[in-house]
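The sequence shown begins at 26 in the numbering used here and counts up one residue at a time.
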Amino acid sequence: AMSTPRAIVDAAWTHENLARAMRCVANGRGMTRDDDARCRRRALEGARAMATATRDDDDEAYEIVARACCEAMMRTCDDETDGRADEDEETAEERETETETWLGTLCATASTSGRALERALEATRRAAAMDERFTTRVCEEYDASVRRLGDAKDATLAVLIEARAWGRAREASASASDVERALRACDARSLESMAKYVLEEVKESDAHVLRAIARRDSEICVEILGALLSRLSTGVQTRAALRALEEIVQMDAAPHVDRMSSEIQRAVEYLPQLSVKEGGDIARRAVAALSKISGVAPAMALFESVEDDCSKTILGLQMLGDMMRAGNHLDAGIAALERAMVDDRSSVRQHAFVVATTLITSESIADEAMLQKAEAEAKVDAILSINEILRALSQRRETPTLSFATIKSLTSSLGLILALDVSGKSVKNREILRNSLRLLSALSECLILQAESARDTDGEQINFVDADAFDDANDKVESHVLAKLVPVVEVVLDSMLSYSTWFKEMLEQLEHPKIDEGTSETLESWITRLLFMHLQLSCGSENTRAGNVSSALCIDSCVRLSSDDAEWSPELQRHITQICAHTLRVARVSSGDMRASNQYATLMNTCACQCVETLRDNWFAFDKKELAPNSDLWSTKTTLDALQTLRALCELAVSRNASYGPDLGVLQDLMRASFTDDELENAAKEVASYGKPHLARSDYEAAGRAGVEAPVSGVVAALVTSLHHQLQETYNSRTVIDTWDRIINEVLNLLDTMLPLVENADLASASVVMLEDDIIQLRELPIEPTCHIACTILQYHRRRFPLPDCVKTASEMLKMALSYSLTSIPDELNDLLSVLNEIVTDLSSDNDQHGKIEKQDAFIALTTILVKSGDILWRHVHSKQKSLDDVEANFVSLATHSFERCISAASKLSRTDGNQKHLESQRRNASLVLAGIRLHHNTDKMSHLYDVKVLRSFELKRRTFMVVCAGVFTNLRALQLVKNSGTPLDRGLVAIGNALAMDDIELYSENLLRLGESVQNVDGEVLKCCPSNVSSRENSA
């Protein structure tokens, strides 16, 4: 009885009935469509019921449900092959929704228990091996249902891997909560294939996936290490490969690298080129990673290089130092270190001092003879450097002369001397320490004089905590000269913070000068003054002006500066936060070192809290306050600094997740630590209710709970509502205040970082709707923020919605931007064109046959707006150009894609027979061709303004389009002549024929555009007589 559809619909669910029902669904080729649909719906209910009712040890039931889901998706593939793809849109949409549900049921079943996961993966692996179309179907349905997969993210990742959907598996790994658990259930061959796919174009975010795969199988680990070393030794995808390598070399599988000695040697030999290509920081990280798996021979070969350039020697020395810190190759390392300390090249000696300092602080070396030799050499360098700098500062010249080599020598030698003294390995350096403090006192006096000069206070005494005075001195030439001394200040400050007890006793014993008149001689006063000196020197530093505050402080020092016990002025607190953020950015903490990792996370959370506290105090929009009539520039600057630092911390949290798992874990903790639950809840409620006056109370409260449970989404809502409030206050019909415009860009930059990582799609979409409304409603808003907001919106739409919808949205936003009166093209408009070009390129390369109508609509909208864009772009070009700037290149690329689609539409019209059954398709093709004709007419002048070689394929596509249009015109004229009065040619096709015959189609096409909607709704029987092309109006060309 269960073999009939009616029996299946009415039967009660048991394991046997579900198995029979699924066999009927899989083999039901003789069913009617209604019976087939009812059978599928009922079987789907049964699969869900059995998935929730089965026990942990009920393997048979899990296998039945999993195989049922896979067979149902396979049946969909067969249906499309057998001709079901021609079914109407409504039926096709129902079938796609049903298949999405099958995938969701499979993933939900797999997530119920470990046994269920195994059975689901077996069924998925079997289906993927039987037919490659299954993989394609899984990819399509994952794209459509990714927002509805709920909590089954780990199971979804495993299912995608076994379905051979490697690209989607990489995406799913970003949001999985336990990647290693998901991968442990996968077959080793599937993981090997997944690793090969990831390694083809490895990204930094792939580090945790590769580490999990490597941990799963030692043989795969060796293959991954070999591929990463190959990329590192050839300079291909260096940063991403290095990020993954840093994680894998910490695993127990690292001893298997004995089989890759040649690959390791090539990677070590490439280090000098890597330093030149990627910079010293990347090379230093590579040295640290390679030192864990390399033998001593490659490092010694690098150290003993006899070339004039000492970069190889330094890299080899650093590598030997890392080996010694790990307790390896101590004899060879000490011998090399002793040779480096007496080297004639100052840079080699300086790096030897740095390596020795690191070994002393980590207590990795106890060779007394080597330490005595290091101390003797460091004292000579330190004394010479201190004397030279003191002479330069004592000359009281307006711009002192300071040698960078001298400062670097003092920094390295003084760091070693301080390390020896604080560790108790020497007590012979008190005079050098006294002279170092004298140098800092002299520098302090110079900074005070500089501030007084900048303020022009007629002799008024300037206190060293007067931050405004330092800010006034930013642009003086001597600021940039004295800024070279920042490393010296940092070395002493770091020692005072890390070894406060020793320094307190030392300051009591020394007869040192006071840091400033009127101040005490305590350690606290020295630390405070050094911090202000660092603040003032950083103001003149070019690195700071570029947004990078230098810092040589260690994590321990930053933790003390940021502790709750420390009390600093607001100016110092903001600067300390920036210093700590930079220290976090350059610090490398192993995921296996729990103490260091916890300390790192605590410091990161503390810095983020301080940034948000600054926003509460200085950004009026954060707490929805009214804007003061005379806005404070200092508040604007501090708000800007806080947003920049917060963005750096968020980027750091995202990159740190590459070591610890999915993209959300560390970032969520950071957001929870920084924002209060009330702030997240209220912001979520505001965006959810925006524009919805009748929103149900339950939905309103649910949105607030979602903001707290999904902190990244809640913070996005908080930033958007604050920005919305600022725009309403500064750009409304009554006032226009541009003082806070810089804040807009920084908020949007922060949103660009966070929007890809939101956990709650509904909250994110509501926030984006609020942004869209801002650029639509606020007509006083300048074009620069309008375009920047549009770019942020489009990047979000690109990740969440179909590409045709994104193109239509982008076209409308470009139309809005072009409505401004422009005398020049701002960079933000070029950015908008660039984003649009990326979306259109993706859409053009998309070979999916679904959504043809949507694609046509998208290109109609795009081509129409490109006509207006061209008018603005060529307005300022008066002479022939030999090259294209970025704006013009983006326009040419967009126009080329549009002409490609127009050529396709014109080709179809040139073959059409005017059949009423395909009238809708013909009209859409006609609309696209009309838009292409206008674009062709608009771009005619380009051949006179630009070299044809520059235009390349654009000019070829443009000419091809008109050649095809000649066929369209001939075909339509012929159809128009053969049609009798009872069945005239469609009005839309007649209009295209007329347009092709015009010398100047602009006015004609504008009229057609205004009538376009009514043209598409004409029945065809209405027009008994359609006008033909008048010969006098025809264009003979």
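We treat Cβ as the ideally placed atom computed from N, Cα and C, and that holds for glycine.
Pick from the options: whose alpha carbon is nearest that of residue i?
i: serine 699; options: Tyr725, Leu720 and Thr670; result: Thr670
i: leucine 652; options: Lys974, Trp765 and Glu165; result: Trp765
i: glutamate 400; options: Arg195, Ser438 and Ser389; result: Ser438
i: glutamate 734; options: Gln693, Leu522 and Lys717; result: Gln693
i: serine 316; options: Ser336, Ile289 and Gln298; result: Ile289
i: proline 323; options: Cys335, Leu208, Ile307 and Arg291; result: Arg291
i: isoleucine 318; options: Leu668, Asp306 and Ala351; result: Ala351
i: alanine 467; options: Leu847, Asp581 and Ala417; result: Ala417
i: valine 506; options: Ser525, Cys471 and Trp527; result: Cys471
i: lysine 1063; options: Phe924, Leu796, Leu705 and Gly260; result: Nothing can be reported for residue 1063, as the shown portion of the chain is limited to 26 through 1062.
Please classify residue i: is it buried, with 16 or more other beta-carbons within 10 angstroms of its beta-carbon, or exposed?
i: alanine 999; result: exposed
i: valine 611; result: exposed
i: threonine 426; result: exposed
i: leucine 609; result: buried
i: methionine 366; result: buried
i: glutamine 420; result: exposed
i: aspartate 113; result: Residue confidence is low: aspartate 113 scores 48 on pLDDT, short of 50, so the model does not pin down where it sits. No coordinate-derived value is stated.
i: methionine 531; result: buried
i: glycine 1018; result: buried
i: glycine 440; result: buried
i: isoleucine 814; result: buried
i: histidine 719; result: exposed
i: serine 594; result: exposed
i: serine 1127; result: No answer is possible for residue 1127: it lies beyond the span of the chain, which begins at 26 and ends at 1062.
i: histidine 376; result: buried
i: glutamate 805; result: exposed
i: lysine 974; result: exposed
Looking only at its own chain, which residues have a Cβ that is under 8 Å from the Cβ of residue i, when we skip the five neighbours before and after it?
i: cysteine 95; result: Leu131, Ala148, Thr149, Arg151, Ala152 and Phe159
i: alanine 357; result: Val321, Met325 and Leu345
For residue i, which residues of its own chain have a beta-carbon under 6 Å away from its beta-carbon, when the five flanking residues on both sides are left out?
i: arginine 767; result: Leu665
i: valine 860; result: Cys816 and Leu819
i: leucine 270; result: Leu253 and Ala314
i: alanine 956; result: Ile885, Thr888 and Thr889
i: threonine 338; result: Phe328, Ser330 and Val373
i: alanine 673; result: Ala606
i: cysteine 812; result: Ala842, Glu853, Leu854 and Leu857
i: alanine 188; result: Thr149, Ala153, Thr160 and Val163
Could you give the first and the last residue of the continuous alpha helix (DSSP H) run that contains residue i?
i: threonine 431; result: 429 to 447
i: glycine 304; result: Taken as a continuous stretch (DSSP letters only), glycine 304 belongs to no alpha helix (DSSP H), as it is neither H nor E.
i: glutamine 598; result: 595 to 611
i: lysine 833; result: 828 to 842
i: cysteine 636; result: 619 to 643
i: aspartate 369; result: No alpha helix (DSSP H) contains aspartate 369, which DSSP labels as neither H nor E.
i: valine 274; result: Where valine 274 is concerned, there is no enclosing alpha helix (DSSP H), given that its DSSP letter is neither H nor E.
i: phenylalanine 924; result: 911 to 936
i: lysine 982; result: 978 to 1003
i: tyrosine 222; result: 213 to 225
i: isoleucine 318; result: Where isoleucine 318 is concerned, there is no enclosing alpha helix (DSSP H), given that its DSSP letter is neither H nor E.
i: histidine 233; result: 232 to 241
Within its chain, find whatever has a CB closer than 7 Å to the CB of residue i; leave out the 5 residues flanking it on each side and keep chain order.
i: phenylalanine 647; result: Leu640, Arg641 and Ser747
i: methionine 979; result: Methionine is not the amino acid found at residue 979; the sequence shown has phenylalanine there. Answer for phenylalanine 979: Val917, Ala920 and Thr921, listed in chain order.
i: glycine 543; result: Summary for glycine 543: the model assigns pLDDT 48, below 50, so the residue's position carries little reliability; its value from the coordinates is reported in the next sentence. Nothing listed; no residue qualifies.
i: alanine 709; result: Ala728, Gly729, Ala731, Gly732, Gly739, Ala742 and Leu788
i: cysteine 579; result: Asp519 and Ser523
i: serine 371; result: Ala430 and Ser434
i: methionine 349; result: Leu355, Gly358, Leu384, Ser389 and Ile390
i: cysteine 211; result: Leu146, Ala183, Ile186 and Glu187
What I want to know is whether the C-beta of residue i ends up closer than 8 Å to one or more non-hydrogen atoms of the ligand COA.
i: glutamate 388; result: By its list of ligands, the structure shown contains no ligand whatsoever, and the ligand COA lies outside what it can speak to.
If we define contact as Cβ-Cβ less than 9 Å, is residue i a contact residue for chain B?
i: alanine 394; result: The question asks about chain B, but that chain is absent: this structure has only one protein chain.
Kindly confirm or deny that the stretch 239 to 247 and the stretch 214 to 222 touch, where touching means at least three C-beta pairs closer than 8 Å. yes
Should the stretch 430 to 448 be regarded as contacting the stretch 398 to 414, the criterion being three or more beta carbon pairs within less than 8 Å? yes
With a cut-off of 8 Å, do at least 3 Cβ pairs link the stretch 906 to 916 to the stretch 939 to 949? no
Using 8 Å as the cut-off, can you tell me whether the stretch 225 to 235 makes contact with the stretch 256 to 274, which would need three or more C-beta pairs spanning the two stretches below that distance? yes
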